[in-house]
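Be aware that the sequence shown starts at 1209, since it is given in our numbering, and climbs by one per residue.
The C-beta atom is built at its ideal place from N, Cα and C for all residues, glycine as well.
All figures in this text were calculated on a predicted structure; none of them were measured in a lab.
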Amino acid sequence: MSTVIATSGVFIIPGQVLEPTTVLAAPGQSEAAHDQKVIAPISEKRMYADVYHLSETIGPRVTGTEEEREAASFIRNRLQSYGYEVEVQEFRIPDKMIGHLQTSAGDEVLINIPAGSASTASEGLTAQLYDAGLGYANDFTAESAGKIALISRGDFTFQEKVENAYAAGAVGVLIYNNIESPGPLNPSIGEASIPVGGISKASGEALIADVVRNDGTVTLKVDALTDVKSQNIIATRAPKKGNNHEILHVSAHFDSVPFAPGANDNASGTAVTLELARVLKSYPIDKEIRFVFAGAEEIGLVGSRYYASQLTEDEISRSIGNFNMDMVGTSWENATAIYMNTVDGKANIVSETALATAERIGTPSELVLYQRGSSDHVAFHEVGIPAVNFIRREPGTANLEPYYHTPLDTIEHISTERLKEAGDLVGASVYQLIRK
Ligand code: BES
Ligand code: ZN
């Protein structure tokens, strides 16, 4: 704690709890002092360590897996150590498909099974591969019947490729990427009558060279995992007196997509939210604050929508806003702007508060108001709560970093300065709205 701010002869040491009556400051100075109470104690080291733990120690945190559960209990334990009342809100998620692909030579091929794929018998489906090019109807011949069609991504939808393969009598489909990407392809296919999987470009080319050309076989195994659960972790702090306070929700999802360590998406937002929970745990407040750590975001905002569905009408009417952080720590050099995504593209109390805070505290990055869903702020918006998703992007293009949803979303591409910048901005904004 290096900064000490003098306000009208009263020393405010950032990080220390002071009753407002002891602060006799001129209005301008007082605001700055309040900002500093939050900003000074925010530790970039702790946030970085938490991103490290979530992304490197735990790794990919796919909805419904042991790793997602481990991340949830890490978050819960941490919040309890800060003295919060913590609720673990469990919910069911749609059945999940998991797959294995092995060549007759014994090589394992990484595969993603899309929702909507059919399952195989428990021993799997062993068949020859049929190289169907891009998978146009006339790419199939009588030879494709009874085989697993190997189809390249490109030109038209995954769903049409699968339909063409099925119509030609193929018993399964493997779609390979047409661009280099470290993880297997994640195709969206709707509902299919046969098992379908996505693989990488390299895997597709290797299967053509090693299996198709040698008349080898592969064994594809697809199982439906039923009764899978995920959870939200919620830490609440209400003012001491009364029970009818306005409520502010700060949220971040902690799950990731398959094969992605999810350092930026979204260990970053999780770590910043945890740090704000630590810093804000004991300051005097006159509104209720809830830190909402959502599971199952990457399969379609399932956790946050469940959270929103459990709010009573009374709680919704008392809710003043949602600050959602998702992808706030990338070190990608082009992502120099902090985008404030709102579902309708319009400013609201959250974006206005953040803008004013950025002016006061001198946030180095440009703030951009933008219309975009795709994160948990949507669930808050849908029940009528003003919500903003804070996310780093390239100004002008709104591009995300190239590591997004890939195995390269690792701690190596995380910036401690940017974690701190997000924490300072959102932390000081939140405190502005909830302090006494
Ligand atoms: N972290 C991203 C957030 C995001 C926001 C990405 C805005 C792109 C633009 C989030 O986890 C994500 O990947 N969302 C999905 C949609 C979601 C409903 C499954 C996406 O954008 O594809
Ligand atoms: Zn995300």
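Asked                                                                                                                                                                             : Found
Apart from the five residues just before and just after residue 1354, which ones in its own chain have a Cβ nearer than 7 Å to its Cβ?                                            : 1335, 1377, 1379
Taking a contact to mean a Cβ-Cβ separation below 8 Å, would you say residue 1301 touches residue 1349 in this structure?                                                         : no
For the beta strand (DSSP E) holding residue 1499, just list the boundary residues, first then last.                                                                              : 1496-1502
Identify the residues that DSSP records as bridge partners of residue 1598: which are they?                                                                                       : 1533, 1548
Between which residues of its own chain and residue 1568 is the CB-CB distance below 8 Å, once the five residues before and five after are set aside?                             : 1239, 1240, 1243, 1636
Just list the residues that DSSP pairs residue 1561 with in beta bridges.                                                                                                         : Paired residue(s): none; residue 1561 is not in a bridge.
Drop a sphere of 10 angstroms on the beta-carbon of residue 1467, count the other beta-carbons inside from all chains shown, and report buried for 16 or more, exposed for fewer. : buried
Residue 1461 lies in the beta strand (DSSP E); which residues open and close that run?                                                                                            : 1455-1461
Under three-state DSSP, which class holds residue 1231?                                                                                                                           : Confidence at residue 1231 is low in this model, with a pLDDT of 40, below 50, so the placement of that residue is unreliable and no value is reported for it.
Helix, strand or coil for residue 1300, going by three-state DSSP, please let me know.                                                                                            : strand
Please confirm if the region 1305-1312 is in contact with the region 1445-1463, defined as three or more CB-CB distances below 8 Å between the two stretches.                     : no
Identify every residue that forms a DSSP beta bridge with residue 1438.                                                                                                           : 1299
Have a look at residue 1488 and residue 1634 and give me their C-alpha separation to the nearest angstrom.                                                                        : 12 Å
Ligand 4 and residue 1607: does the residue's C-beta get closer than 7 Å to at least one heavy atom of that ligand?                                                               : As for ligand 4, it is missing from this structure, which binds only ligand 1 and ligand 2.
Does the beta-carbon of residue 1366 have 16 or more other beta-carbons within 10 angstroms, so that it is buried, or is it exposed?                                              : buried
DSSP beta-bridge partners for residue 1252?                                                                                                                                       : Beta-bridge pairing links residue 1252 to no other residue.
Tell me which residue opens and which closes the beta strand (DSSP E) that residue 1510 is part of.                                                                               : Per DSSP, residue 1510 belongs to no beta strand (DSSP E); it is in the alpha helix (DSSP H), 1510-1517.
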